[in-house]
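Encoded as C-alpha cells, the structure appears first; notes follow it.
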Amino acid sequence: MTRVGILYPGHSAEDDYKTFAELLGGEIELPVVHTLMREDAHRVDALLDVGSEAVLAKGAQELAAMEVDSAVWACTSGSFVFGWEGARRQVQGVRDVTGVPSSSTSFAFVHALAQLRISRVAIAATYPDDVAQRFVEFLTEAGFTVLSLASHGIATAAEVGDLDPDDALDFVISNDHPRAEAVVVPDTALHSADLIEPMEALLGKTVLTANQVSVWEGLRLAGQCQARPGPGTLFRSGASVVRSAFAAG
99 MTRVGILYPG HSAEDDYKTF AELLGGEIEL PVVHTLMRED AHRVDALLDV GSEAVLAKGA
159 QELAAMEVDS AVWACTSGSF VFGWEGARRQ VQGVRDVTGV PSSSTSFAFV HALAQLRISR
219 VAIAATYPDD VAQRFVEFLT EAGFTVLSLA SHGIATAAEV GDLDPDDALD FVISNDHPRA
279 EAVVVPDTAL HSADLIEPME ALLGKTVLTA NQVSVWEGLR LAGQCQARPG PGTLFRSGAS
339 VVRSAFAAG
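First residue of the sequence shown? That's 99 in the numbering used here, and the numbers climb one at a time after it.
Structure below.
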C-alpha cells in the first residue's frame with residue numbers, strides 16, 4: 099500500500115482525492131489532513147496566512163503520525179504566493195516535520211510539465227486576476243511560457259468547490275490558446291477528477307489540474323513512477339523523466 103499524505107486547507111474539494119484514488123485503482127491511499135484556514139479568501143494576505151510555517155507544521159505533525167510515504171501541500175495559491183524560494187522553504191519545512199519526501203501543488207505543476215516536455219501553456223484560473231498573475235510569475239521563473247491567462251475571479255475556495263461541473267468544463271475549454279501545448283487549471287478547490295478526460299477530449303490536448311498533479315507528485319515522490327491508466331495524459335505518461343526542482347540550491 100502506498101500512502102500519499104495530502105495537506106489540504108479548509109474544506110472545498112477534498113473529496114476529489116477519494117475519487118482520484120478510486121480512478122487510479124490499486125494499492126493507493128490518499129489520507130487528507132485539513133490545515134487551518136482562518137479566512138477563506140483568494141487574497142494575497144489571506145493566502146500568506148494559509149501557507150504560513152506554523153499552520154503547515156501543525157498539519158505536517160498529523161501526517162507524520164499517519165506513516166505516509168510522501169506528503170504534498172495541496173494548495174497552489176498558498177504556495178506560489180510565497181515566490182519560488184519561499185515555496186521551496188515551505189516544502190522543506192513539511193519535509194523536516196514529516197520525515198518523508200514532500201512537495202507542493204505549485205512544484206507539482208512544474209514537475210508535471212517537465213515530465214510531459216511541455217513548454218507553452220494557457221492558464222485557466224478560478225482566482226481573481228492579481229492572485230492568478232502570481233502563478234504566471236511562478237511558472238515563468240520555472241522556464242515555461244504562459245501564452246494566455248484567464249481569471250474567473252472567484253473570491254473564495256468554498257465557491258470554487260461548489261462550481262457546477264459543466265460551468266467548470268466550459269470555463270477551461272473556452273480559455274485555451276491555439277499555440278498552447280496544455281491548459282493548466284491551478285486551484286485545488288476545484289473538483290476535477292471526473293472532468294479531465296472530457297476536457298482533454300474536447301480540447302485535443304493535455305489538461306493539468308491542481309488535484310491531479312498533487313496526486314501524481316505524491317506518487318512520484320513515493321517511488322511510484324510507472325504509467326497508469328488515466329485520468330488524463332499525465333498519469334499515462336508516468337514520472338520517469340522528471341528532474342526535481344529541489345535538486346539544486
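Glycine residues also receive a C-beta, built at the ideal position from the N, C-alpha and C atoms.
Any contact between the segment 128-141 and the segment 102-114? By contact I mean 3 or more CB pairs, one from each, below 8 Å. yes
For ARG193, which residues from the same chain have a beta carbon less than 8 Å from its beta carbon, with the 5 sequence-adjacent residues on both sides left out? ALA169, PRO199, SER200
Keeping to the same chain, check which residues put their C-beta closer than 7 Å to that of ALA139; ignore five residues upstream and five downstream. ALA253, THR254
THR254 - containing beta strand (DSSP E), residue span: Here THR254 belongs to no beta strand (DSSP E), and DSSP marks it neither H nor E.
Compare the C-alpha of GLU295 against each of TYR106, ASN273, LEU121, GLU151 and name the closest. LEU121
Residue from ILE126, PRO276, VAL234 whose Cα sits closest to the Cα of SER175: VAL234
Let me confirm a value: VAL102 is counted as buried when at least 16 other C-beta atoms fall within 10 Å, else exposed. Which label applies? buried
Same chain only: Cβ atoms within 7 Å of GLY336, ignoring 5 sequence neighbours per side: CYS323, GLN324, ALA325
In terms of alpha-carbon separation, which member of SER312, LEU105, VAL166, ALA266 lies closest to LEU293? ALA266
Quick check: the Cα distance between GLN190 and TRP171, rounded to an integer number of angstroms? 11 Å
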